[in-house]
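Take a look at the structure set out below.
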Amino acid sequence: MYLNELDQYDSITIQAHDNPDADAIASGYALYVYFQSKGKNVSLIYSGRYRIQKTNLKLMIDKLGIPIEYRQMQAGPVSGLLITVDCQYGAGNVYPFAADAIAVIDHHQKEIHTNKLVSWEIASNLGSCSTLVWRMLLDANYPVNEDIRLGTALYYGLYRDTNQFSEICYPLDMDMRDSVHYDRYIIQHLRNSNMSLKELEIAGIAMIRYIYNSDYHYAIIQAQPCDPNLLGLISDFLIQVDELTTCVVFNQLEDGYKFSVRSCVKEVRASELAQFLAADMGSGGGHVEKAGGFIARRQYEEKYPTLHSEGYFSNRMNEYFDSFDILYAEKMNIDTSDMKSYYIRPAVSGYVEARTLMPIGTKGVIRTLEGDIELEAAEDMMILVNEDGRVKVISSHEFEEKYKVLGEHCNLNLEYKPRLRKLTSQTTVSIMRHMNSCTYKDRIQVYARQLERGIKVFSNNIDSYMVGRAGDYLVVTCDEPQNIYMVEKILFDKNYQVID
């Protein structure tokens, strides 16, 4: 969906979900500013049983001049187009005003049938709706960075919806965080206006009502309804207990469960655990030590109609720890006698010399779906991107030894196209625009075995692991027995050919 698809409507109402948070207000405000610039008759509203009460939200609205208005539920239909933002029309957390036409812009799991909508954009991989609207504004060539109030609103929306950025995992969220212009003094003021005395009491009560598992050294706490960022505060405190290595703190909202995850051991990445807890019912992500997520109420009740939430989180935590073995590759040799031989099918990758993107000696960061890669441009440095969007930095000698040039521009269809950010100038360069095509010179032979249960492999990097689920493949390169990695089943079936 592109914003210019909605230009046909002269009267536009933007509706945040009931009891709106900072992300809903920010993304709604961004749409308001955009359509106002197009000369539309536009309004920004919310409804429901409660008016905005939180101090930080009132400050946000006042400092940034956001024209959001409360609309009574009995006010009747709106004329023209209704856009629900940070929510989905027909879901339980937004009052369903009738309208001539309805559109949805949201970043949560899809909950509704879209056949009644004139247009919709749902990106459940993003950490905030602010990021989604920011991307849509850029696609519409709207000059976001010329409006400091707009940038401040979007920045704060992402900040709040990702627990002070600790739960950011998708690169587009990081792109907005790093590039949008904002007023740091307003942000500082808003940061220090987050907790009420009531929420202080909620945090204190929550920490004396915990579930502790002595086998796996985790704790679970259910907090009373509160601002989701309070969950992060509680979990930060909880993980400092000497008996704990992981913890989960959650609460129930009108539309689902918000949770915060912490880990202090390298064998458990908080981001991976969050994804596991939210699987098929929501979204989760973050960093190695801090993460969080959301489980949609409708999906939860369909899947677990009789299981209370504490029971669910306890069961899933046990399933997580029971579901995998741990392999330290540097400490053992893999027995390949029972593994089949395969070769990797030739596939097209993109390549570019680092010096094409920035001067030699310049430091930069390549942003990818798998994380950021820090580098310093060198004379013999090559950057490769494969068809899955994975980035590899190698020497020109290794490139000449293993790859052959195809002599054409590389155009890969990727979910997220890696970008290079120069640290000195803070400017961003599109890597894909400069890439040509290459492929392997020779067949690469490997040994592989399909997994019957999950496994975590610590390979060359002893501080991080690769995850394989049952059905995925453990792969060992024939000429480098210590080079061990995991391949998802769908990718293995596509890219590997058994040797008869």
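If you count by numbering that gives the first Met the number 0, then the sequence shown holds residues 0 to 499, one letter each, in order. Ideal Cβ placement from N, Cα and C applies to all residues, glycine included.
Which residues DSSP lists as bridging residue i, in chain order
i    : result
S394 : M380
I82  : I13, A102
N212 : Y217
L43  : I13, I67
S340 : Y446
M465 : V456
D371 : R366
C246 : A218, R261
G255 : L252, A295
V77  : A98
I24  : BP columns for I24 are empty, so no partner.
L473 : R448, M485
F323 : G453
V497 : Y341
S348 : C437
Spatial distance of residue i from residue j (CA atoms)
i    : j    : result
D387 : N332 : 29 Å
E120 : P227 : 24 Å
L356 : A29  : 32 Å
G406 : H188 : 54 Å
V132 : L368 : 20 Å
S262 : R366 : 24 Å
Y217 : T244 : 6 Å
E68  : A74  : 13 Å
F320 : D172 : 30 Å
K391 : G283 : 26 Å
S528 : E198 : For residue 528 there is no data in the structure shown, the boundaries of the chain being 0 and 499.
I483 : Y350 : 24 Å
M338 : M280 : 35 Å
I186 : I167 : 18 Å
T423 : G285 : 26 Å
A469 : P95  : 43 Å
H180 : T151 : 7 Å
Y495 : Y472 : 11 Å
D501 : K493 : Outside the shown range of the chain (0 to 499) lies residue 501, about which nothing can therefore be said.
L413 : N435 : 15 Å
S118 : I111 : 13 Å
P304 : R296 : 10 Å
I524 : V260 : Given that the chain is displayed from residue 0 to residue 499, the structure contains no residue 524 and the question cannot be resolved.
Residue i, buried or exposed, once every other Cβ within 10 Å from all chains shown has been counted against 16
i    : result
Y184 : exposed
Q274 : buried
A102 : buried
H396 : exposed
Y141 : buried
S429 : exposed
D214 : exposed
Q71  : exposed
V264 : exposed
S336 : exposed
H307 : exposed
E479 : exposed
G156 : buried
P358 : exposed
K257 : buried
Q444 : exposed
S165 : buried
D99  : exposed
T54  : exposed
Y327 : exposed
D22  : buried
R432 : exposed
L154 : A small fix is needed here, since residue 154 is Tyr in this sequence, not Leu. Burial call: buried.
Q481 : exposed
Q87  : buried
R176 : buried
V404 : exposed
D334 : exposed
P224 : exposed
Y508 : This structure leaves residue 508 out entirely; the chain is present only between 0 and 499.
Those runs of the alpha helix (DSSP H) which lie wholly inside the stretch 259–314 and span at least 4 residues: 269–277, 296–302, all fully within the stretch 259–314.
Any 3 or more C-beta pairs closer than 8 Å across the stretch 412–423 and the stretch 306–314: With the cut-off at 8 Å, the stretch 412–423 and the stretch 306–314 do not touch.
Could you tell me whether the stretch 478–489 touches the stretch 342–349, where touching means 3 or more Cβ pairs closer than 8 Å? The stretch 342–349 and the stretch 478–489 do not touch, with fewer than three beta-carbon pairs separated by less than 8 Å.
Evaluate the contact criterion for the stretch 222–240 versus the stretch 189–205: three or more CB pairs, one atom per stretch, below 8 Å. Contact between the stretch 222–240 and the stretch 189–205 is present: 3 or more CB-CB pairs across the two stretches fall below 8 Å.
Jot down the residue ranges of each uninterrupted beta strand (DSSP E) in the stretch 388–437, minimum 3 residues, whole runs only, in chain order. Runs of the beta strand (DSSP E) inside the stretch 388–437: 390–394, 402–408, 418–421, 427–429.
Quick check: the stretch 46–66 against the stretch 7–22, are at least 3 beta-carbon pairs closer than 8 Å? Segments in contact, yes.
So within the stretch 96–141, which uninterrupted alpha helix (DSSP H) runs reach at least 4 residues, ignoring any that extend past its ends? Within the stretch 96–141, the complete alpha helix (DSSP H) runs of at least 4 residues are 128–138.
Do three or more CB pairs link the stretch 470–477 to the stretch 441–457 at distances below 8 Å? Yes, since at least three Cβ pairs between the stretch 470–477 and the stretch 441–457 fall closer than 8 Å, the two stretches touch.
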